[in-house]
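Since the structure comes first, as structure tokens, the remarks are kept for the end.
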Amino acid sequence: MNSVNAADSGQAQASVLLAHEGGLHARPAVTLTKLAKTFNARILLASDAAGPWIDAKSVVKVMAMKTRRGAQLHMQAAGADAAQAVTALVKLIEDDFVGGPP
Amino acid sequence: MSNVGIVIVSHSPDVARGAADMVRQMVGAAVPLAYTGGNPDGGLGTSVEGILEAIDTAWSEAGVAILVDMGGAETNSEMAIEMLPPERRSRVVICSAPVVEGAVMAATEAWGGSDLDTVRRTAEELGGASK
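This is how it looks when you write it as structure tokens:
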């Protein structure tokens, strides 16, 4: 399920398949972190829905997840722009990390 | 608020330039960046003058974070900081982190406007996380 679930305002979740060659390695981790930082919402990532959840704006933690290709990447966001943040991050991953912030 | 600048100091000009290339390609041009390496004779080494120039090139009102490879790169960077005008001195820090990985991590943190202390802590937090 790659859909964004924005149940109530200020909260959003999604789960997306990581199809990128090589998984969430250095360059995509940097791109994802930069995009996350453009939103005010608190954004958490996990490769297991049960956690642990890490801060998507921390490049060190995103890289340390070592998420492999084929893994399901779970995200949840809280804040006024949570839905936009999750939508943008899902799109980035679905677009194979092309078109992130400059 | 401007982004913190990043300075890369290596004994090898090739390493310094290569690390800077990685920052440019991975993080982009929104973070002020400069590198320096090698001695004036073209050999391995670092120079206080070169580091001062790099700090000037990468200067940002938000401050500058320096990544060094080892030994003289660090002591020369400390010396360069001491030679800065007093109003700039307190806004330049040396990160205790591996030069290549630290530069990419620090620049990513600097992107989007994190303050100097956060940038330094991110570089120093990485340990083996980038491997």
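Protein chains in written order, with this note's numbering: chain Z, 1 to 102; chain W, 103 to 233.
For each residue, glycine too, the CB sits at the ideal point set by N, CA and C.
Shortest alpha-carbon distance to residue i belongs to which of the options?
i, options, result
"W/N141", "W/E227, W/A175 and W/V109", "W/A175"
"W/E226", "W/G214, W/A212, W/G215 and W/C197", "W/C197"
"W/T220", "W/R191, W/T138 and W/A167", "W/A167"
"W/V111", "W/V194, W/S179, W/V133 and W/D217", "W/S179"
"W/G173", "W/E184, W/L146, W/W161 and W/E163", "W/L146"
Could you name the residues that DSSP lists as bridge partners for residue i?
i, result
"W/T138", "W/V111"
"Z/V16", "Z/L73"
"W/V133", "W/V133 pairs with nothing; no bridge assigned."
Kindly indicate which three-state DSSP category residue i falls into: helix, strand or coil?
i, result
"Z/M1", "Residue confidence is low: Z/M1 scores 45 on pLDDT, short of 50, so the model does not pin down where it sits. No coordinate-derived value is stated."
"Z/M75", "strand"
"Z/D55", "strand"
"W/R119", "helix"
"Z/V98", "coil"
"Z/A80", "coil"
"Z/L89", "helix"
"W/A209", "helix"
"Z/L35", "helix"
Beta-carbon of residue i versus every beta-carbon of chain Z: anything under 9 Å?
i, result
"W/G214", "yes"
"W/M128", "yes"
Nearest chain W C-beta to residue i closer than 9 Å, yes or no?
i, result
"Z/T67", "no"
"Z/M1", "Its pLDDT being 45, under 50, Z/M1 is placed unreliably in this model, and the value from its coordinates should be taken loosely. So, not an interface residue."
"Z/K91", "no"
"Z/S58", "yes"
"Z/P102", "yes"
Quiz item: Touch check for the region 189–203 of chain W and the region 129–144 of chain W: three-plus C-beta pairs under 8 Å?
Solution: At 8 Å Cβ cutoff, the stretches do not touch.
Quiz item: Touching or not, the region 127–140 of chain W and the region 79–86 of chain Z, by the rule of three or more beta carbon pairs under 8 Å?
Solution: Put simply, the region 127–140 of chain W does not touch the region 79–86 of chain Z. Fewer than three CB pairs are less than 8 Å apart.
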